[in-house]
């Protein structure tokens with residue numbers, strides 16, 4: 222449980238940094254683009270690796286994963302966080318894949334810090350443009366999902382804190 226929280230906040234921090242870099246790449250153009258891509262790509266790969274790790278842990282059969290998957294629950298409202306989390310994990314998995322495909326179809330190497338992986342796909346402008354659009358569209362969808370996730374977390378925290386206070390008053394008059 223502790224490790225899941227640590228990974229959650231590492232990924233959240235990485236996503237924030239990636240969004241900022243991606244926005245600057247989009248706004249500043251080619252001069253800033255080259256330097257920022259060298260950071261944007263490896264951080265995106267880290268998100269992909271952490272997401273794969275989260276999925277492996279999530280689908281591992283144990284009590285915690287059963288609770289995370291909502292097994293045993295039946296109310297629709299209780300399923301919304303599960304649906305949101307599945308969508309966020311799917312986005313965190315697909316976005317780096319789309320970015321990698323955009324890079325490779327654009328004829329560029331994938332930068333992983335000190336190592337570059339050369340494109341092994343034929344340069345294809347139509348495919349590169351498609352994955353560029355898919356990458357950016359998914360970024361916006363993922364941003365909305367993350368904002369909803371954060372709002373739900375804040376609401377849950379405030380409701381639970383309020384409920385704990387009420388329970389304390391009821392149990393200790």
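Residue numbers (our numbering): 222 to 394.
No residue lacks a Cβ here, since even glycine has one placed at the ideal position from N, Cα and C.
Note that this is a predicted model, so its numbers are computed, not measured.
At the C-beta level, residue 349 and residue 326 come within 7 Å of one another. Residue state for residue 236 is assigned as helix, using DSSP reduced to three classes. Collapsing the DSSP output to three states places residue 322 in a helix. Residue 359 is not a Cβ neighbour of residue 323, given a cutoff of 7 Å. Counting every other CB atom within 10 Å of its CB across the protein chains shown gives residue 352 a total of 16 or more, marking it as buried.
In this structure, DSSP gives residue 338 an extended state, which the three-state scheme calls strand.
For residue 331, the pairing in a beta bridge is given by DSSP as 338.
Taking a contact as a CB-CB distance under 8 Å, the pair residue 232 and residue 268 counts as one, their CB atoms being some 6 Å apart. Close CB contacts of residue 266 within its chain, under the 7 Å cut and outside five residues either way in sequence, are with 317 and 333 (chain order). Put simply, the backbone Cα of residue 393 is about 32 Å away from that of residue 226. Residues 305 of the same chain have their beta carbon placed closer than 7 Å to that of residue 369, with the five preceding and five following residues left out of the count. Between the C-alpha atoms of residue 344 and residue 379 there is a straight-line separation of about 51 Å. For residue 238 and residue 261, the gap between their C-alpha atoms comes out near 8 Å.
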